[in-house]
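Residue numbers (our numbering), protein chains in the order written: chain A, 313 to 632; chain B, 63 to 351.
Note that the Cβ used here is the ideal one computed from N, Cα and C, for glycine as well.
First up is the structure itself, then whatever we jot down about it.
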Amino acid sequence: MSAIQHLPFEQPVTDLDRQIEQLEQSPTAEALREELDQLRRSRDALLARLYTGLTPWDVVRVARHPGRPQTADYVRLMCRDFRELHGDRHFGDDPAILCGFARIGPHKVMLIGHRKGTTTAEKIACHFGCAHPEGYRKALLKMRLAEKFGLPIVTLIDTPGAYPGLKAEERGQAEAIALNLREMSRLRVPVVSCVIGEGGSGGALGIGVGDRVAMLSNAWYSVISPEGCAAILWKEANDRTNAQAAASLSLTAGDNLRHGLIDAVIEEPVGGAHRHPEETAARLQHWLVEQLSDLKRHPPQTLVRLRYDKYRRIGAFGTG
Amino acid sequence: MTTDVTTEKNLARTWADVPEIAARHRRAIPEGLWIQCPSCAASLFRRATENNLWVCPECDHHFRLSAAQRVRQLVDPGSFEEIDEAITPADPLTFTDLKPYQQRLEAARRATGRRDAIISGVGFVKGRRAVLAVMDFTFLGGSMGSVVGEKITRAVELAEAKNLPLIIVSASGGARMMESGYSLMQMAKTAAALARFDDAGGLYISVLTDPTTGGVTASFAMLGDVILAEKNALIGFAGPRVIAQTIRQALPAGFQRAEFLRDTGFVDRVVHRRDLRSEIGSIIDYAGR
Ligand SMILES: [Zn+2]
């Protein structure tokens, strides 16, 4: 069985991947290096072609690829001396949001990110990356801690949305997100965010109000998931309507950048982050370090004012 | 509060005759001389129900109001001056589902006589001057796109500049899908404006009415210094149907109703519609400047 899980549009590279894997594992791999390189080049060329023609719905599937690196992977690949900080000091510790002190390049930061989990048990505990109110409250508590000690904040967004459940409502899901939006807008330290996978609505924005917001090139970010949108506006979510909804929602990184809703797109290596976690982490790290170094120049009141101005400008309307 | 009821009834009659508002008045409520209460099924005489602030005299069911009806009920007669009327929706994504967004906007415009799902302005509530923003559920489900976000933000900024209390009456199904990321970012924009207003020491009274859900609840609606909710209003983040699907079981009675939010600690007071004006007046006396 192949180690790589292929998405439907990746079918054309399945054969090449299998051949490459077989050769890599064969005892004569060393002798076959030239042939192996040739195969890899063909595979990469084919992948490059497939990935330039992705539909928005394909992008959503890449963003959800089971092998796609998650917050915990970027912590491992990008951060030194990570010290996880648990709990909201009121209700509990939501594993769907990971927080902690971290060093990224020359910067000491507070890192906050959604956690989807990799094993079945983890995924269930994290509700597949859908946080409860205590997750958003934990994030805010740790952001305030960072603010107190002048540490910039880095958030990694990867959620289908905030958890839509009975307990989440009882514990004030809406209030928790609303409060984060208000408080993040006036944090007196730099806030830098990146959508690394899924940017599902208020659950994503709840840790995503930043001075600089980027998306990885195969991430999606929108007011609602394509399935949710299709179910409401097309009255039925199926492969066809999901694809239509994904296209209509302008949810790709390029779309969001074009409309001025994010500040940058971080290009993933050919074939997506799931094929190249290390290289993707290096690129993300490079962008984060650059932004943090730049933002550190501003005094706190300037940071807050610039952040306000940035969100204040967003809107498309007529005046007559 | 008996005196209030009498006053409200009289005022309701008076406001119905204010021509500039009456001209824009479209109904969230079915036409006809007689209407049926959706809650207790009683047959109600329209005029009597209207004079009762659109509350069923039999069971206290609060009918949903259009923004114009709400403004008429809330402010002192003749005291309301609308602002930012000229702000109109655009279609930045040229969004199409089964119908183009432009068509949906046009239909909503024709049905409601409004340009978008909100009225904002300055008026007096029981003699206290305030900035008001009132959402209109009859316009595309009270959804928040760029126009709602911008008008809320401008209302907050005006309240700050004029040193006035701010009252926002929410009635919304959430963010407007047809403006996707633009709608989402209105949540951040309105919340950021409220942070500034809060820093300036402004008083914000949030009034939650049936229904208030999604991105509106998860932004400005839940950020009031004082949060009032009309009796039995549906208030939540996720819609009840989505939750029922997630947990695969029926929801308990009263779930996500105003009283439930009060009991779980997220709403300060549940208010009967006839008391709303006096509640607001009293809060402004305690906390306003
Ligand atoms: Zn009734």
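Query	Result
Could you tell me whether any Cβ in chain A is nearer than 7 Å to the Cβ of ILE305/B?	yes
Check each residue of the stretch 130 to 141 of chain B: if its Cβ is closer than 8 Å to any Cβ of chain A, include it; give the result in chain order.	none
Sorry if obvious, but does the Cβ on GLU120/B come closer than 6 Å to a heavy atom of ligand 1?	yes
Just to confirm before moving on: does the CB-CB distance between ARG408/A and GLY447/A stay below 7 Å?	One point to set straight first is that residue 408/A is Ala, not Arg, in the sequence displayed. Contact: yes.
Measure the alpha-carbon distance for GLN350/A versus HIS377/A and round it to whole angstroms.	27 Å
What does the Cβ neighbour count give for THR432/A, buried or exposed, with the cut at 16 atoms within 10 Å?	exposed
Which residue's Cα is closest to the Cα of SER354/A: THR340/A, ARG552/A, ASP329/A and GLY462/A?	ASP329/A
From VAL577/A to ALA384/A, what distance separates their C-alpha atoms?	21 Å
Hey, how far is the Cα of VAL209/B from the Cα of ALA585/A?	37 Å
CA-CA distance, HIS87/B and ARG134/B?	Confidence at HIS87/B is low in this model, with a pLDDT of 39, below 50, so the placement of that residue is unreliable and no value is reported for it.
Which ranges does the alpha helix (DSSP H) cover as unbroken runs of at least 4 residues, wholly within the stretch 338 to 426 of chain A, from first to last along the chain?	345 to 364, 368 to 375 and 383 to 390
Counting along the chain, where does the alpha helix (DSSP H) carrying TYR448/A start and finish?	445 to 460
With distance defined between alpha-carbon atoms, name the residue in SER232/B, TYR348/B, LEU160/B and VAL117/B nearest to GLY277/B.	SER232/B
For TRP546/A, which residues in chain B fall below 9 Å Cβ to Cβ?	ASP159 and LEU160
Helix, strand or coil for THR64/B, going by three-state DSSP, please let me know.	Only weak support exists for where THR64/B lies, its pLDDT of 31 falling under 50; the value from the coordinates is given anyway. It is helical.
Compare the C-alpha of ILE626/A against each of ALA250/B, ASP122/B and SER205/B and name the closest.	ALA250/B
With a cut-off of 7 Å, does the C-beta of CYS438/A fall near any C-beta of chain B?	no
Under three-state DSSP, which class holds GLY175/B?	coil
Flag VAL332/B as yes if its beta-carbon sits less than 7 Å from any beta-carbon of chain A, otherwise no.	no
Quick check on GLY473/A: buried or exposed, where buried means 16 or more other Cβ atoms within 10 Å of its Cβ?	buried
Write down every uninterrupted run of the beta strand (DSSP E) in the stretch 109 to 190 of chain B whose length is 3 residues or greater and which is fully enclosed by it, in chain order.	143 to 145 and 180 to 187
Could you pull the start and end residues of the alpha helix (DSSP H) that ILE289/B belongs to?	Run containing ILE289/B: none in the alpha helix (DSSP H); it sits in the beta strand (DSSP E), 288 to 292.
I need the boundaries of the beta strand (DSSP E) containing MET527/A, first residue and last residue.	524 to 528
Verify the CB distance criterion: does THR614/A have a CB-CB separation below 7 Å to chain B?	no
Taking 7 Å as the CB-CB limit, is GLY286/B close to chain A?	no
Taking buried to mean at least 16 other C-beta atoms within 10 Å of its own C-beta, is GLY462/A buried or exposed?	exposed
Just to check, is the beta-carbon of ALA104/B closer than 6 Å to a non-hydrogen atom of ligand 1?	yes
Just the Cα atoms here: how many angstroms apart are ILE83/B and GLN318/B?	Low confidence applies to ILE83/B: its pLDDT is 35, below 50, so where it sits in the model is not reliable enough to give any reading.
Apart from the five residues on each side of it in sequence, which residues of its chain come closer than 6 Å, Cβ to Cβ, to GLY350/B?	PRO227 and LEU265
So, does the CB of GLY183/B fall closer than 7 Å to a CB anywhere in chain A?	no
Should SER101/B be counted as a contact of ligand 1 given a C-beta to heavy atom distance under 6 Å?	yes
Whose C-alpha, out of VAL333/B, SER344/B and MET239/B, is nearest the C-alpha of ASP159/B?	MET239/B
Can you list the residues of chain B that TYR623/A reaches, using a CB-CB cut of under 7 Å?	MET247, ALA250, LYS251 and ALA254
Taking Cβ positions, are ILE180/B and LYS213/B nearer each other than 7 Å?	yes
State the DSSP-derived secondary structure class of GLN556/A, mapped to helix, strand or coil.	helix
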